[in-house]
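Just below is one structure, and these are the notes that go with it.
Protein chains in written order, with our numbering: chain A, 1 to 112; chain B, 1001 to 1115.
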């Protein structure tokens, strides 16, 4: 079956540094979504990417969808303490209406 | 977005008992889903809640263990039956809004501990 793999599992970042988390699917996706979950909270939708090669930015966050629609990345520049949390990618297949396959998540810890 | 509420927010239950979790949305919804998230883990889809018909379960989840109802478009319940400590987890409902398809919005979750 479809698997969505996400690396790294943990990311320790010094405040002000950049980091990237990567997401890879074994099958072509119709779209990929990114969520952020703060400690003790629930997942909050960040962005959806649909088109091959698509790049979207939200302030210090840059999201990319690969040309083959099998991989994606989230790059955060100038990390702040407010970026702490777990970032999940979630892929959707064209034949699975609404169903998302979540990656394992990248837990981000920011050191001041 | 929408306001999604879940009840209860947390509970501690004895093994062998059942707990019903409610999910209520204040906006028009197309799809509703139930997920499980074990501590420190990712989200696993339990089932898609279908309005007026039986839910669609994912591999590894069965109706006898996790009966789901969705009597109308904005309300659903998930029951965790005959609980064991392995059922200790956070249970989350999510929805796709009519106004914002293909994006899932999550409820605050129900933290279940089974003793």
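For each residue, glycine too, the CB sits at the ideal point set by N, CA and C.
These figures come from a predicted structure and were not determined experimentally.
Of all the CB atoms in chain B, is at least one closer than 7 Å to the CB of residue i?
i: residue 105 of chain A; result: yes
i: residue 45 of chain A; result: yes
i: residue 98 of chain A; result: yes
i: residue 58 of chain A; result: no
i: residue 42 of chain A; result: yes
i: residue 102 of chain A; result: yes
i: residue 11 of chain A; result: no
i: residue 48 of chain A; result: yes
Measuring only the C-alpha atoms, how far is residue i from residue j?
i: residue 1088 of chain B; j: residue 1115 of chain B; result: 9 Å
i: residue 57 of chain A; j: residue 63 of chain A; result: 6 Å
i: residue 1093 of chain B; j: residue 1006 of chain B; result: 8 Å
i: residue 1052 of chain B; j: residue 1068 of chain B; result: 11 Å
i: residue 106 of chain A; j: residue 92 of chain A; result: 19 Å
i: residue 1001 of chain B; j: residue 1100 of chain B; result: 8 Å
i: residue 43 of chain A; j: residue 1040 of chain B; result: 13 Å
i: residue 1064 of chain B; j: residue 70 of chain A; result: 36 Å
i: residue 1090 of chain B; j: residue 112 of chain A; result: 30 Å
i: residue 1003 of chain B; j: residue 28 of chain A; result: 32 Å
How would you write the range of the beta strand (DSSP E) that residue i sits in, first residue to last?
i: residue 1096 of chain B; result: 1089–1097
i: residue 1024 of chain B; result: 1019–1025
i: residue 127 of chain A; result: Not covered by the structure: residue 127 of chain A. The range shown for chain A is 1 to 112.
i: residue 1082 of chain B; result: Per DSSP, residue 1082 of chain B belongs to no beta strand (DSSP E) and is neither H nor E.
i: residue 1049 of chain B; result: 1043–1049
i: residue 1111 of chain B; result: 1110–1114
i: residue 1071 of chain B; result: 1068–1072
i: residue 73 of chain A; result: 71–76
i: residue 68 of chain A; result: Counting along the chain, residue 68 of chain A falls outside any beta strand (DSSP E), and DSSP gives it neither H nor E.
i: residue 12 of chain A; result: 10–14
i: residue 112 of chain A; result: Segment: none, residue 112 of chain A is in no beta strand (DSSP E) and carries neither H nor E.
i: residue 1100 of chain B; result: 1100–1106
i: residue 46 of chain A; result: 44–49
i: residue 90 of chain A; result: 85–92
i: residue 81 of chain A; result: No beta strand (DSSP E) contains residue 81 of chain A, which DSSP labels as neither H nor E.
i: residue 1036 of chain B; result: 1029–1037
I'd like to know if residue i contacts chain A, where contact means its C-beta is closer than 7 Å to some C-beta of that chain.
i: residue 1032 of chain B; result: no
i: residue 1005 of chain B; result: no
i: residue 1074 of chain B; result: no
i: residue 1043 of chain B; result: yes
i: residue 1066 of chain B; result: no
i: residue 1061 of chain B; result: no
i: residue 1008 of chain B; result: no
i: residue 1109 of chain B; result: yes
Sorted by chain position, which residues of the same chain lie with C-beta nearer than 7 Å to residue i's C-beta, five sequence neighbours on each side aside?
i: residue 1014 of chain B; result: 1115
i: residue 1045 of chain B; result: 1033, 1035 and 1058
i: residue 1074 of chain B; result: 1024, 1025 and 1029
i: residue 16 of chain A; result: 78 and 79
i: residue 60 of chain A; result: 76, 77 and 78
Using C-beta distances below 8 Å, list every residue in its chain close to residue i, excluding the 5 sequence neighbours before and after it, in chain order.
i: residue 84 of chain A; result: 38, 39, 108, 109 and 110
i: residue 19 of chain A; result: 11, 13, 75, 76, 79 and 108
Starting from the C-beta of residue i, find all residues in its chain whose C-beta is less than 6 Å away, skip the five residues before and the five after it, and write them out in chain order.
i: residue 1031 of chain B; result: 1096
**Request:** Report yes or no: do the region 35–44 of chain A and the region 82–94 of chain A share at least 3 C-beta pairs separated by less than 8 Å?
**Result:** Counting C-beta pairs closer than 8 Å gives three or more between the region 35–44 of chain A and the region 82–94 of chain A, which meets the contact rule.
**Request:** Could you say if the region 1049–1063 of chain B and the region 1103–1114 of chain B meet the contact criterion of at least three C-beta pairs nearer than 8 Å?
**Result:** They do not touch, by the three-pair rule.
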